[in-house]
Structures are given as structure tokens and as C-alpha cells.
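Just remember that this note's numbering sits 48 ahead of the position in the sequence shown, which is counted from 1.
Yeah, the Cβ is synthetic: ideal placement off N, Cα and C, and Gly gets one too.
As C-alpha cells, the structure follows; a few thoughts come after it.
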Amino acid sequence: MIRNNYLKYLSCHCSCTEALYDFASKLSPKEIENARSAKVSSIRSMVSSVQSEIHKMRGYVRLAPVDEIVLYGYLRPKHRIGEQVANIFAHRYPKTIIVLGNANNSWVSLYTAEGLYHMSSGPLDEVVEKLRQLTNSPDKVDTIENIWECYYKSQYRPERRNLKYFHRNMTLTSLRSARLRTESNKCGNTLDKYMGV
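As C-alpha cells, then:
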């Protein structure tokens with residue numbers, strides 16, 4: 049289903065040109081949904097492709113702590129969606145700096161009561177290292193990192209033992225985009241056990 053804000057998604061597509069954007073801006077969502085020409089149909093598939101990648105990255109990106117107020121994760125999107133995904137995580141974790149990126153660029157977002165702040169920056173490793181130097185609390189980081197690691201391992205699903213089934217739902221391309229590896233819960237740890245609840 050094509051929504052009213054389809055131009056936002058179209059502009060994020062890696063193959064979107066200014067001419068195509070201008071053409072699409074003259075169309076209504078209903079016209080795109082009921083495409084009769086190949087050009088309009090390609091616009092619909094481009095919008096769907098961007099929406100699909102945003103949806104996947106929301107689920108596949110794994111965040112790690114730098115400090116209590118900074119979380120970072122690896123993201124290598126095909127389309128220009130880094131800022132949008134970072135903003136989604138910023139809304140999910142208010143008053144926490146979210147840094148997503150890769151070796152080429154990164155996106156930083158912070159959501160507070162005053163509003164949403166975001167910026168693009170250089171390579172992920174450089175940005176994380178700068179934030180680590182600013183916060184400079186190695187003891188806290190180890191504890192927070194252990195909690196996050198235990199949390200992610202507690203999200204284990206038995207279906208992952210069947211890798212054929214797992215890869216049917218989660219493609220290798222998506223795994224690589226979020227730099228994920230399949231994991232197994234060998235110890236049976238959960239976040240509740242770790243916290244002593």
C-alpha cells in the first residue's frame with residue numbers, strides 16, 4: 049500500500065533521479081498503487097524496496113553500548129536510509145545517542161523532549177572512538193556491554209537451528225548489511241538470570 053508520504057521513500061532510493069522524483073510528485077498514491085505504465089510501476093517497486101529495507105534494518109541492526117547514553121550499531125544500507133533508521137532507534141531509546149554506520153559514513157540521532165537532533169558524519173569507528181573518549185568510563189562499559197550481550201543472546205529462537213528455514217526469512221544480503229552472524233544459545237542465559245531476578 050502506497051502512503052501519502054511516498055515521496056520521502058522514493059527520494060531515499062539509490063536509483064532515484066531528479067526527473068523521476070518530479071514525475072512522481074505529480075502522481076497521487078492511488079495512481080501509483082494502481083500503476084498502468086512501466087514507469088509508474090517502477091516507482092511503486094522503488095518505494096516498496098526502500099520501505100522493506102527500513103523494516104529489515106529496524107529488526108536486524110544490533111546495538112552495542114559505548115556508555116549509558118550512547119549506543120552504536122553497524123549499518124550498510126543499499127538505499128539512503130541511514131538517517132531514518134537512526135531516528136527510529138532514537139525514538140525507541142529517548143535521551144540516548146544512537147550512532148549507526150559503516151566504514152564510509154555514519155548517522156547520529158538523539159531524541160529529547162526538545163525534539164529530534166540528527167547529523168551525518170565520517171566512518172563509524174572514528175565517531176564511536178570520539179564518543180568513547182568523551183565519556184571515558186571503561187568499568188561501566190563492560191557491565192553495560194555484558195547486559196546487552198545477554199539480552200541479545202536471550203532473544204534466541206529454536207527455529208534458527210534449521211538454517212534453511214532461517215535463511216528463508218532472513219536473507220544473506222540482510223545479514224551482511226547488519227553484520228550479523230547466526231548464534232546459538234548454548235548456555236541458556238536470559239537477561240532475567242543475569243540480573244538475578
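Query	Result
Those residues which DSSP pairs with ALA138 across a bridge	Answer by DSSP bridge pairing: none, since ALA138 is not bridged.
Own chain, CB closer than 8 angstroms to ILE117, minus 5 neighbours either side, in chain order	LYS143, THR144, ILE145 and THR183
Three CB pairs or more closer than 8 angstroms across the region 93-100 and the region 156-167	no
Whole-angstrom distance between ASN53 and ARG92, CA atom to CA atom	13 angstroms
Pair within 8 angstroms by beta-carbon distance, LEU123 and VAL109	yes
Residue burial classification, ALA161 (beta-carbon count within 10 angstroms, cutoff 16)	exposed
Three-state class that DSSP yields for ILE146 in the structure shown	strand
Straight-line gap, SER85 to SER225 (C-alpha atoms, nearest Å)	32 angstroms
Element boundaries [alpha helix (DSSP H), containing VAL176]	172-183
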